[in-house]
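Q:
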Amino acid sequence: MLTGQDLAAFRKSLLAWFRHFRRELPWRRTRDPYRVWLSEIMLQQTRVAAVVPYYERFLERFPDLQALAAAPEQEVLRRWSGLGYYRRARNLQKAAQQI
Numbered sequence: 001m002l003t004g005q006d007l008a009a010f011r012k013s014l015l016a017w018f019r020h021f022r023r024e025l026p027w028r029r030t031r032d033p034y035r036v037w038l039s040e041i042m043l044q045q046t047r048v049a050a051v052v053p054y055y056e057r058f059l060e061r062f063p064d065l066q067a068l069a070a071a072p073e074q075e076v077l078r079r080w081s082g083l084g085y086y087r088r089a090r091n092l093q094k095a096a097q098q099i
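Position 8 of the sequence shown, counted from 1, bears residue number 8 in UniProt numbering, the numbering being contiguous throughout.
1) How many Å lie between residue 93 and residue 71 at the Cα?
2) Should residue 42 be labelled buried (16 or more other beta-carbon atoms within 10 Å of its own) or exposed?
3) Classify residue 6 as helix, strand or coil using the three-state DSSP reduction.
4) Can you tell me the Cα-Cα spacing of residue 50 and residue 63, whole angstroms?
5) Using 8 Å as the cut-off, can you tell me whether the stretch 19–39 makes contact with the stretch 1–10, which would need three or more C-beta pairs spanning the two stretches below that distance?
Here's what the structure looks like:
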């Protein structure tokens, strides 16, 4: 079992590693829940490098929940095209409409 000191040392080491090796990703520069949520959905079963350009293009057209909720489904799917797993896009839009 780890002691409090062990946990503190591990935490410090992990944070130091992250400061040194972290990747700059657009969703790490925001605290907007919509943008963070969008990234989490897009990143499911998809490589980070593949998601970044889709994330940025998607936000150009759907910058907030209201824009996503009001858009025609086919337009949402067109913007999602290439990421695969289209159910993610449909469910994302349905959730935006409910919110």
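All residues carry an ideal CB built from backbone N, CA and C; glycine is no exception.
A: Taking the definition as stated:
1) Reading the sequence shown from its first residue, position 93 is the one you call residue 93. Reading the sequence shown from its first residue, position 71 is the one you call residue 71. Computed Cα separation, rounded: 9 Å.
2) Locating residue 42 in the sequence shown gives position 42, counting from the first residue. Buried, by the Cβ-count rule.
3) Taking the sequence shown and counting its residues from 1, one reaches residue 6 at position 6. Reduced to three states, the DSSP call for residue 6 is helix.
4) Along the sequence shown, read from residue 1 onward, the residue named residue 50 stands at position 50. Along the sequence shown, read from residue 1 onward, the residue named residue 63 stands at position 63. Using only the alpha carbons, I get a separation of about 20 Å.
5) no
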